[in-house]
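Participant: Line by line, the protein sequences give chains A and B.
If you count the first sequence from 1, you need to add 9 to reach this note's numbering.
If you count the second sequence from 1, you need to add 9 to reach this note's numbering.
Heads up, the beta-carbon is just placed ideally off N, CA and C, and yes, glycines get one too.
Predicted, not measured: the structure shown is a model, and the values here were computed from it.
Below you'll find the structure I mean.
Protein chains: 2
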Amino acid sequence: MNQETIKVACSSCNLRELCMPVGFGAEELQKLDDIVAVRKKVKQGGLLFGNGDPFTSLYAIRTGFFKTCVSTEDGREQVTGFQMAGEIIGLDGIVTDHHNCNAVALEDAEVCVMPFASVEELSREFPALQRHVHKIMSREIVRENSVMMLLGNMRAEERLAAFLLNLVQRLHSRGFSQSEVVLRMTREEIGSYLGLKLETVSRTFSKFSEEGIIDVKQRYVQILNPEALKKIFNPQAC
Amino acid sequence: MNQETIKVACSSCNLRELCMPVGFGAEELQKLDDIVAVRKKVKQGGLLFGNGDPFTSLYAIRTGFFKTCVSTEDGREQVTGFQMAGEIIGLDGIVTDHHNCNAVALEDAEVCVMPFASVEELSREFPALQRHVHKIMSREIVRENSVMMLLGNMRAEERLAAFLLNLVQRLHSRGFSQSEVVLRMTREEIGSYLGLKLETVSRTFSKFSEEGIIDVKQRYVQILNPEALKKIFNPQAC
DNA sequence: TCTTGTAATTGATACAAATCAAAAATATGG
DNA sequence: CCATATTTTTGATTTGTATCAATTACAAGA
Numbered sequence: 010m011n012q013e014t015i016k017v018a019c020s021s022c023n024l025r026e027l028c029m030p031v032g033f034g035a036e037e038l039q040k041l042d043d044i045v046a047v048r049k050k051v052k053q054g055g056l057l058f059g060n061g062d063p064f065t066s067l068y069a070i071r072t073g074f075f076k077t078c079v080s081t082e083d084g085r086e087q088v089t090g091f092q093m094a095g096e097i098i099g100l101d102g103i104v105t106d107h108h109n110c111n112a113v114a115l116e117d118a119e120v121c122v123m124p125f126a127s128v129e130e131l132s133r134e135f136p137a138l139q140r141h142v143h144k145i146m147s148r149e150i151v152r153e154n155s156v157m158m159l160l161g162n163m164r165a166e167e168r169l170a171a172f173l174l175n176l177v178q179r180l181h182s183r184g185f186s187q188s189e190v191v192l193r194m195t196r197e198e199i200g201s202y203l204g205l206k207l208e209t210v211s212r213t214f215s216k217f218s219e220e221g222i223i224d225v226k227q228r229y230v231q232i233l234n235p236e237a238l239k240k241i242f243n244p245q246a247c
Numbered sequence: 010m011n012q013e014t015i016k017v018a019c020s021s022c023n024l025r026e027l028c029m030p031v032g033f034g035a036e037e038l039q040k041l042d043d044i045v046a047v048r049k050k051v052k053q054g055g056l057l058f059g060n061g062d063p064f065t066s067l068y069a070i071r072t073g074f075f076k077t078c079v080s081t082e083d084g085r086e087q088v089t090g091f092q093m094a095g096e097i098i099g100l101d102g103i104v105t106d107h108h109n110c111n112a113v114a115l116e117d118a119e120v121c122v123m124p125f126a127s128v129e130e131l132s133r134e135f136p137a138l139q140r141h142v143h144k145i146m147s148r149e150i151v152r153e154n155s156v157m158m159l160l161g162n163m164r165a166e167e168r169l170a171a172f173l174l175n176l177v178q179r180l181h182s183r184g185f186s187q188s189e190v191v192l193r194m195t196r197e198e199i200g201s202y203l204g205l206k207l208e209t210v211s212r213t214f215s216k217f218s219e220e221g222i223i224d225v226k227q228r229y230v231q232i233l234n235p236e237a238l239k240k241i242f243n244p245q246a247c
């Protein structure tokens, strides 16, 4: 296993405001440190957890990039999300005490392991943490609602525009450029997430490129005209 | 407003095992009674809550049938789920303190109003309730994952088969027939949920009917050959 | 550096579902 | 009970994306 355990401290983590609520006092932070006992490294292509694995912990991504996916018995795969630093994965395991999807690292990654029993225990003590856990789960429900809208109602161009805008927005809020992305996933993985075939993803990238909306060189994407993308995604709001 | 408030008791509710965890002691049940202070009636076509409404409470459906849906600015609607007695709706509102979808009654309905502040308070006191709330949210995340699989990877027949099987399974677990359904929603609403147009839903119903798999008379559907439906949904498992 | 495998692009064609259109069945309200 | 509106069904045609196929670009390892 490509795993390594390191003792670390939430109180000094620069992602704290992303993965855990602000407004925590010294006592709360100390307790959090105790919860996040260990970190775990996952190599590119490695599995953080797989469908059917016993559920024990939530994971806060410190570095790296993940995809989560489910699959049918006849081998069709659906990517259900892409997750980056500061985001929490593993919520799918709570209901059955076993994970209901696979979490795969798309680049070398490191996560903070948060045993769920400890999270629940501390939640009972600190209402701010309790509320934060509820919000994280609710946010995931709302996100999936909008993916359903994407898959059920939108055309290929709209889907890809929405995907790019969402990605750069999340990267931007982490201090990265809002116009440049290096994609961590293949065309096939983007297609799986968006309910499209890889050829359609590639063609749509090319179309955007021809129209001068983006510049694409394999995994590198520069957004030249964000307004055009927004217009494709939501013509009414522009 | 078509609303009526009635004082009621969880402790004597026959849906208790569906909407709240089993294994509660007398003290817990009494406290639950105090939380679910009121019930609320919603007439057919009425809105339990709408997108943008302030979030205050979760709702446990006592009787009736709901759809939840989101919509784009240009008027496209996506049904995100159909909910029946014993199911909880409103989780979408936690993250922003405002609801992020509409909940519409598809028939006259009655819900138990559970102020979320009280739910959180009592959760801190009773780990069993806390765990149950977490499971309900996780279940919704897992459900949406499988809808994403449906929308992203499956053909019309597979989608409709999955829809019918899921519906009768849920009805059956509530003591209803596992072979007969009276649909509470229109072809258009089914289509919206499944990412199909109403004509495609109608045609697929007709096709199943011609093949002797189901008997359809408008809203009434009888499942004649459940195995055939399962085979369409998941050829490997049969 | 060369080799090999993987990922991405592009073209031609096929197909499932959407769209357009009209009729039939059913529900609703006076 | 009738008139009207809504929902459902069915047919003809179009269309967006999938599929099949071939080439090119790139990455990783020897």
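1. Quick check on the DSSP output: the alpha helix (DSSP H) that includes Gly-200 (chain B) runs from which residue to which?
2. Leu-24 (chain A) lies in the beta strand (DSSP E); which residues open and close that run?
3. Tell me, please, which residues DSSP counts as bridged to Lys-50 (chain A).
4. If distances are taken between C-alpha atoms only, which option among A:Val-230, A:Arg-179, A:Gly-102 comes closest to Asn-111 (chain A)?
5. Taking only three categories from DSSP, how would you classify Asp-224 (chain B)?
6. Give the C-beta separation of Tyr-4 (chain B) and Gly-99 (chain B) to the nearest angstrom, bearing in mind that I take them to be a contact with Cβ-Cβ under 8 Å.
7. Taking contact to mean 3 or more Cβ pairs, one atom from each stretch, closer than 8 Å, check whether the stretch 155–173 of chain A and the stretch 198–217 of chain A are in contact.
8. Name, going along the chain, the residues of the stretch 190–201 of chain A whose beta-carbon falls closer than 8 Å to a beta-carbon of chain B.
9. Hey, is Cys-110 (chain A)'s beta-carbon within less than 8 Å of any beta-carbon in chain B?
10. Who does Thr-72 (chain A) pair with in a DSSP beta bridge?
11. Helix or strand or just coil, what does DSSP make of Ser-127 (chain B)?
12. Taking the C-alpha atoms as reference points, what is the distance between Phe-227 (chain A) and Thr-195 (chain A)?
13. Does any C-beta atom of chain B lie closer than 8 Å to the C-beta of Ser-132 (chain A)?
14. Using a Cβ-Cβ cut-off of 8 Å (strictly less than) and excluding sequence neighbours within five positions of Asp-106 (chain B), which residues of its own chain qualify?
15. Is there contact between the stretch 126–138 of chain B and the stretch 146–158 of chain B, where contact requires at least three CB pairs shorter than 8 Å?
16. Within the 8 Å Cβ cut-off, does Arg-148 (chain B) reach chain A?
17. Please decide whether Gly-61 (chain A) counts as near chain B, where near means a Cβ-Cβ distance under 8 Å.
18. Is there a C-beta anywhere in chain A that falls below 8 Å from the one on His-107 (chain B)?
19. Between Arg-164 (chain A) and chain B, is any beta-carbon pair separated by less than 8 Å?
20. Here's a check: name, in chain order, each residue in its chain whose Cβ is nearer than 6 Å to the Cβ of Ala-237 (chain A), leaving out the five neighbours to either side.
Facilitator: Checking against the coordinates, here is how it stands:
1. Its alpha helix (DSSP H) spans residues 196–203.
2. Leu-24 (chain A) -> no beta strand (DSSP E), and no H or E assigned at all.
3. Here Lys-50 (chain A) is bridged, per DSSP, to A:Glu-119.
4. Between Asn-111 (chain A) and the set A:Val-230, A:Arg-179, A:Gly-102, the nearest pair of CA atoms involves A:Gly-102.
5. Strand, per DSSP.
6. There is no way to answer for residue 4 (chain B), as the model of chain B reaches only from 10 to 247.
7. A contact is defined here as three or more CB-CB pairs under 8 Å, and the stretch 155–173 of chain A meets this definition with respect to the stretch 198–217 of chain A.
8. Listed in sequence order: Ser-201.
9. At a cut-off of 8 Å between beta-carbon atoms, Cys-110 (chain A) makes contact with chain B.
10. For Thr-72 (chain A), which the question treats as bridged, DSSP gives the partners A:Glu-119.
11. It is helical.
12. Correcting the residue type first, residue 227 (chain A) is Gln in the shown sequence and not Phe. So the alpha carbons of these two residues sit roughly 9 Å apart.
13. Answer yes: the Cβ-Cβ gap between Ser-132 (chain A) and chain B drops below 8 Å somewhere.
14. Excluding residues within five positions, the ones whose Cβ falls inside 8 Å are Pro-63, Phe-64.
15. By the Cβ rule, the stretch 126–138 of chain B does not count as touching the stretch 146–158 of chain B, because fewer than three pairs are nearer than 8 Å.
16. Answer yes: the Cβ-Cβ gap between Arg-148 (chain B) and chain A drops below 8 Å somewhere.
17. Not one chain B Cβ lies under 8 Å of Gly-61 (chain A).
18. Proximity of His-107 (chain B) to chain A, defined by a Cβ-Cβ separation below 8 Å, is not satisfied.
19. Chain B contact via Cβ: absent.
20. These residues qualify, in order along the chain: Ile-222.
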